[in-house]
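Asks: Going letter by letter, the first sequence gives residues 1 to 694 in full-length UniProt numbering.
Just dropping this structure here.
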Amino acid sequence: MATSFSSAIDVNYTKFSHSFTHPKKLPTKRFKISCNVTDPQKQNPSLAEQLKPLSNTTLSDGPKKDTQFKSRPKSTWVNPARRKPSVLNLQRHKKASYEYSPEIRDLKLFTKKLNQCDGSEEAFLAVLDEIPKLPTRENALLVLNGLKDWEKAVLFFDWLKARKLFPIETIFYNVVMKCLRFGRQFGVVEDLANEMIDNEVELDNITYSTIISCAKKCGLSDKAVEWFERMYKTGLMPDEVTYSTVLDVYAKLGKVEEAMSLYERGRASGWEPDSIAFSVLGRMYGEAGDYDGIRFVLQEMKALGVRPNLVLYNTLLEALGKAGKPGLARSLFEDMIDLGITPDAKTLTALLKIYGKKRWAQDALELWGRMKANAWPMDFFLYNTLLNMCADLGLEEEAEGLFKEMKGLQNFRPDSWSYTAMLNIYGSGGNVDKALELFEEMAKSNVSLNVMGCTCLIQCLGRAKKIDDLVRVYEFAMARGVRPDDKLCGCLLSVATYFEGEDLDRVLNCLEQASPKLFAFIKLLDEEDTVYGSVKETFKSILNNTAVEARRPFCNCLIDICRKRNLQERAHELLYIGSEHGLYPGLHTKTSEEWCLNVRSLSVGAAQTAFEEWVESLTKIVERKEALPELLSANTGAGTHKYSQGLANSFDLHVKEIAAPFTQSEDKAGLFVATKEDIISWVQSKSPAVAVVA
DNA sequence: CTAGGGTTAG
């Protein structure tokens with residue numbers, strides 16, 4: 001079992017073991033805090049002290065049957081109607097289930113009545129008064145368990161307490177708390193917990209894990225941590241459920257160090273993490289995009305011989321998607337299949353997302369084929385994920401087929417996600433007519449246009465220079481309450497570079513609605529008396545208020561707009577500010593043999609601007625007779641996307657325009673090279689004075 | 001199914 005998923009883990013493990021910060025070395029802040037809250041009156045040992053004897057005695061060798069984790073107490077539930085059957089009884093009354101016991105059936109009916117009655121206290125108590133006979137402890141639990149509304153559970157619980165029919169034990173509180181958690185009533189849960197303390201009713205691991213998970217569900221992480229620390233204060237050791245619950249609290253807070261610290265302490269105390277704990281950790285590392293962390297989880301699972309189940313595989317695949325690692329995801333998936341686990345829709349969704357995002361077309365299509373061949377389960381998410389995958393891979397025909405299939409399904413229709421994926425496909429493929437057709441179809445089928453669909457349409461209509469349709473779609477979206485986001489603003493900015501004159505003004509009008517600040521900035525750039533300081537200040541403020549992924553597109557587009565309006569100086573200023581802001585990491589790289597200008601992430605205008613700047617600085621170096629490397633190169637990239645291929649071509653034109661001595665490499669499209677000699681003689685030819693001095 | 005923990009869209 002452990003060996004079958006080893007193939008995924010063993011990849012490059014040596015490298016991994018060097019780069020991963022082992023949890024043992026992590027700070028233990030969390031535990032210092034839990035020590036600080038120790039009640040001075042009780043003088044209980046700190047967690048570390050509590051765990052010490054355990055780690056010395058139970059960690060290393062041999063069977064650990066004496067630790068509490070092996071023998072967790074089972075539910076104390078007793079079904080009053082199901083007595084331990086004798087062998088004879090078993091033979092004769094095989095079907096004698098409690099459902100047919102009249103007493104239980106009555107109780108169930110009574111519970112149903114309680115569930116159905118009016119929510120008011122009076123109505124509930126009125127029904128409660130009709131109870132056939134005063135309940136025993138077990139019957140009371142049966143009723144309590146069957147109540148759905150937390151208000152009713154609390155009323156019934158109060159009624160039980162007032163009647164004093166039997167002592168109210170921990171289990172009663174636990175059952176009520178579970179119900180309160182469902183109703184997200186942390187305040188009431190906390191009151192009950194304090195009541196338990198006051199009444200000296202024992203709080204056990206079930207109580208604590210319910211309190212903690214309730215706080216978590218209510219988004220009160222600080223309360224969750226607080227109650228975990230209170231638990232330590234009492235000297236109660238967490239069991240495996242409490243561990244996973246608290247690990248999840250830290251994981252959802254993104255507190256990786258705290259989670260790992262707890263993990264390590266738990267391990268030292270003899271806790272054996274199970275698939276749920278690993279699922280929590282895997283998800284946490286996925287959210288952090290931490291590949292080494294995910295491999296640590298896989299390694300630990302292997303070392304402990306934990307056999308992953310479907311949910312754990314799904315979580316790990318999802319995490320690998322977030323970390324952007326298709327290779328490990330693929331081998332993990334194959335391990336899962338080899339183990340005989342049938343993937344569900346979530347598994348396939350996770351995997352297809354990775355393949356699509358990473359443009360692993362072959363693997364994506366192969367998997368899609370296997371899905372059909374094996375009739376693996378499909379659901380709504382999976383259909384839309386397949387459509388998105390088609391968009392990522394540019395599979396227009398496949399998407400059309402799938403979309404048609406979706407329209408014929410019984411259970412659901414294509415929704416705005418599905419339409420958005422199709423708009424994305426038509427938009428990036430430049431298929432304006434089909435995109436517009438889809439837009440009309442959405443209105444007819446009552447599917448609302450979301451902001452991404454709107455962005456895809458605007459992009460597409462902009463490229464096709466269909467200004468009337470563009471404005472119409474934009475106004476439609478705004479009227480339907482679509483709220484422009486940074487991506488839509490970036491799209492409008494990029495579209496603005498396709499238009500001139502009156503049409504440009506119409507695009508800018510749209511932009512003004514979406515972002516008055518951006519619109520004002522464009523006006524500012526246009527004004528002659530604008531000083532650099534105010535450009536810088538305004539632009540920095542805009543960038544800081546923009547989603548990270550939209551910052552570089554903003555800068556690129558604004559530079560393009562400046563160049564279109566012959567504001568070259570402004571274009572250089574924006575590039576400078578953008579570089580200072582870290583938008584173009586790795587733009588310049590230098591080795592002793594070669595200096596390289598990497599413009600792959602720049603727009604046409606930004607690339608030209610960067611190139612001009614570079615050439616200017618090379619010229620100065622030649623003029624000052626400073627050292628140059630043998631080779632100089634500018635890289636535009638070949639462009640894997642349909643619309644990014646333009647960069648190499650326009651760059652080529654620009655190079656020729658300014659007669660720079662760079663030539664495009666024949667082996668590698670988008671790579672422009674010049675030798676040191678080329679540059680020197682070119683500079684000298686431009687300014688003969690330099691040649692004379694030389 | 002019987003008191004507590006983990007997974008799904010740009």
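Quick reminder that beta carbons are idealized off the backbone N, C-alpha and C, glycines included.
(1) Using 8 Å as the threshold, is the C-beta distance between A607 and V599 below it?
(2) Does DSSP put S213 in a helix, a strand or coil?
(3) On the three-state DSSP scale, how would you describe K404?
(4) Let me know the alpha helix (DSSP H) ranges lying completely inside the UniProt repeat "PPR" (274-308), each 4 residues or longer, listed in chain order.
(5) According to DSSP, is C218 helix, strand or coil?
(6) When DSSP labels each residue in this structure, what does W150 get in the three-state scheme?
(7) Pull up the distance between the alpha-carbon of T455 and that of F539, whole angstroms please.
(8) Where does G466 fall in DSSP's three states?
(9) Just to confirm before moving on: does the CB-CB distance between K372 and G324 stay below 8 Å?
(10) Helix, strand or coil: which one does DSSP assign to S650?
(11) Quick one: measure Cβ to Cβ for R480 and L449, integer angstroms, because I've assumed they're closer than 8 Å.
(12) Taking E151 as the reference, which of Q185, N174, V143 has the closest Cα?
(13) In terms of alpha-carbon separation, which member of A443, K487, L631, P238 lies closest to P553?
(14) What first and last residue would you give for the beta strand (DSSP E) that runs through K255?
(15) Which residue's Cα is closest to the Cα of S601: T234, K590, S579, S617?
(16) Can you say whether A224 is buried or exposed, counting buried as having 16 or more other CB atoms within 10 angstroms of its CB?
(17) With a cut-off of 8 Å on the beta carbons, I'd call L317 and T347 a contact; round off their distance for me.
(18) Give me, in chain order, the residues of the same chain whose beta-carbon lies closer than 6 Å to that of H22; leave out the 5 immediate sequence neighbours on both sides.
(19) Taking V683 as the reference, give the member of I621, G401, E630, G637 with the closest Cα.
(20) Beta carbon of E226, beta carbon of G254: below 8 Å?
(21) Where do the ends of the alpha helix (DSSP H) carrying K625 lie?
(22) Label V531 either buried or exposed according to how many other C-beta atoms from any shown protein chain fall within 10 Å of its C-beta, with 16 as the threshold for buried.
(23) If I measure Cβ to Cβ from K517 and keep anything under 7 Å in the same chain, skipping five residues before and after, which residues do I get?
(24) Taking Cβ to Cβ, would you say K178 is nearer than 8 Å to S221?
(25) Could you pull the start and end residues of the beta strand (DSSP E) that E594 belongs to?
(26) Out of curiosity, what's the CA-to-CA distance linking F228 and E594?
(27) With V447 as the anchor, note down where its alpha helix (DSSP H) starts and where it stops.
(28) With a threshold of 16 other CB atoms inside 10 Å of the CB of N635, please say whether the residue is buried or exposed.
(29) What are the boundary residues of the beta strand (DSSP E) that includes I668?
(30) CB residue 708 to CB L511, shorter than 8 Å?
(31) Quick check: L402 and G427, are their CB atoms within less than 8 Å of each other?
(32) For the alpha helix (DSSP H) that contains N411, what are its first and last residues?
(33) Let me confirm a value: P135 is counted as buried when at least 16 other C-beta atoms fall within 10 Å, else exposed. Which label applies?
(34) For S17, count neighbouring Cβ atoms within 10 angstroms of its own Cβ and tell me buried if that reaches 16, exposed if not.
(35) Sorted by chain position, which residues of the same chain lie with C-beta nearer than 7 Å to S603's C-beta, five sequence neighbours on each side aside?
(36) With DSSP as the reference, label E366 as helix, strand or coil.
Replies: The answer reads as follows:
(1) On the first sequence, residue 607 is found 607 positions in, with the first residue counted as 1. On the first sequence, residue 599 is found 599 positions in, with the first residue counted as 1. Yes, the pair counts as a contact, with Cβ atoms nearer than the cut-off.
(2) One-based indexing of the first sequence puts residue 213 at position 213. In this structure, S213 counts as helix in the three-state DSSP scheme.
(3) Here the question's residue 404 lines up with position 404 in the first sequence. In this structure, K404 counts as helix in the three-state DSSP scheme.
(4) 275-287, 291-304
(5) Counting from one through the first sequence, the residue named residue 218 turns up at place 218. C218: coil per DSSP, three-state reduction.
(6) Reading the first sequence from its first residue, position 150 is the one you call residue 150. Helix, per DSSP.
(7) Along the first sequence, one-based indexing puts residue 455 at 455. Along the first sequence, one-based indexing puts residue 539 at 539. Using only the alpha carbons, I get a separation of about 23 Å.
(8) By one-based count along the first sequence, residue 466 stands at place 466. According to the sequence displayed, residue 466 carries Lys and not Gly. Reduced to three states, the DSSP call for K466 is coil.
(9) As a first step, residue 372 must be located in the first sequence, where it is residue number 372. As a first step, residue 324 must be located in the first sequence, where it is residue number 324. No, the Cβ-Cβ distance between K372 and G324 is not below 8 Å.
(10) By 1-based counting over the first sequence, the position of residue 650 is 650. S650 falls in the helix class under three-state DSSP.
(11) Along the first sequence, one-based indexing puts residue 480 at 480. Along the first sequence, one-based indexing puts residue 449 at 449. Yes, they are in contact, since the Cβ atoms of R480 and L449 sit about 6 Å apart, within 8 Å.
(12) Walking along the first sequence from the start, residue 151 turns up at place 151. Ranking the options by Cα distance to E151, first place goes to Q185.
(13) Looking up residue 553 in the first sequence gives position 553. Looking at the Cα atoms, K487 is the closest of the given residues.
(14) Along the first sequence, one-based indexing puts residue 255 at 255. It is not in any beta strand (DSSP E) - K255 carries neither H nor E in the DSSP assignment.
(15) As a first step, residue 601 must be located in the first sequence, where it is residue number 601. Ranking the options by Cα distance to S601, first place goes to S579.
(16) On the first sequence, residue 224 is found 224 positions in, with the first residue counted as 1. Result: buried.
(17) If you number the first sequence from 1, residue 317 lands on position 317. If you number the first sequence from 1, residue 347 lands on position 347. The pair is a contact, with the Cβ atoms about 6 Å apart (cut-off 8 Å).
(18) Walking along the first sequence from the start, residue 22 turns up at place 22. Note that H22 scores 37 on pLDDT, short of 50, meaning its location in the model is unreliable and no value can be drawn from it.
(19) Along the first sequence, one-based indexing puts residue 683 at 683. Comparing Cα positions, the closest option is I621.
(20) The sequence position of residue 226 within the first sequence is 226, counting from 1. The sequence position of residue 254 within the first sequence is 254, counting from 1. It is not a contact, given that the beta carbons lie outside the stated cut-off.
(21) The residue you call residue 625 lines up with position 625 of the first sequence. Counting along the chain, K625 falls outside any alpha helix (DSSP H), and DSSP gives it neither H nor E.
(22) Start at 1 with the first residue of the first sequence, and residue 531 comes out as number 531. Answer is exposed; the Cβ neighbour count stays below 16.
(23) Counting from 1 along the first sequence, the entry for residue 517 is found at position 517. Excluding residues within five positions, the ones whose Cβ falls inside 7 Å are I542.
(24) Numbered from 1 along the first sequence, position 178 holds the residue referred to as residue 178. Numbered from 1 along the first sequence, position 221 holds the residue referred to as residue 221. No; because the gap between Cβ atoms is not below 8 Å, this pair is not in contact.
(25) Here residue 594 is taken as the residue at index 594 of the first sequence, counted from 1. It spans 594-598 - the beta strand (DSSP E) in which E594 sits, taken as one unbroken run.
(26) In the first sequence, the residue the question calls residue 228 occupies position 228. In the first sequence, the residue the question calls residue 594 occupies position 594. Between F228 and E594, the C-alpha separation is close to 58 Å.
(27) In the first sequence, counting from the first residue as 1, residue 447 sits at position 447. No alpha helix (DSSP H) contains V447, which DSSP labels as neither H nor E.
(28) The residue labelled residue 635 in the question sits at position 635 within the first sequence. Buried is the call here.
(29) For the purposes of this step, residue 668 is taken as the residue at position 668 of the first sequence. The question names Ile, but residue 668 in the sequence shown is Lys. K668 -> no beta strand (DSSP E), and no H or E assigned at all.
(30) The structure shown has nothing for residue 708, since the chain only spans 1 to 694.
(31) Residue numbering aside, residue 402 sits at position 402 when the first sequence is read from its first letter. Residue numbering aside, residue 427 sits at position 427 when the first sequence is read from its first letter. Going by C-beta atoms, L402 is not nearer than 8 Å to G427.
(32) Working through the first sequence from its first residue, we reach residue 411 at position 411. Where N411 is concerned, there is no enclosing alpha helix (DSSP H), given that its DSSP letter is neither H nor E.
(33) For the purposes of this step, residue 135 is taken as the residue at position 135 of the first sequence. By the 10 Å Cβ count, P135 comes out buried.
(34) The count along the first sequence starts at 1 and reaches residue 17 at position 17. No answer about S17 holds up, because its pLDDT of 33 lies below 50 and its placement is not dependable.
(35) To locate residue 603, count along the first sequence from 1; it is residue 603. Cβ within range, chain order: N556, C557, I559, D560.
(36) The count along the first sequence starts at 1 and reaches residue 366 at position 366. E366 falls in the helix class under three-state DSSP.
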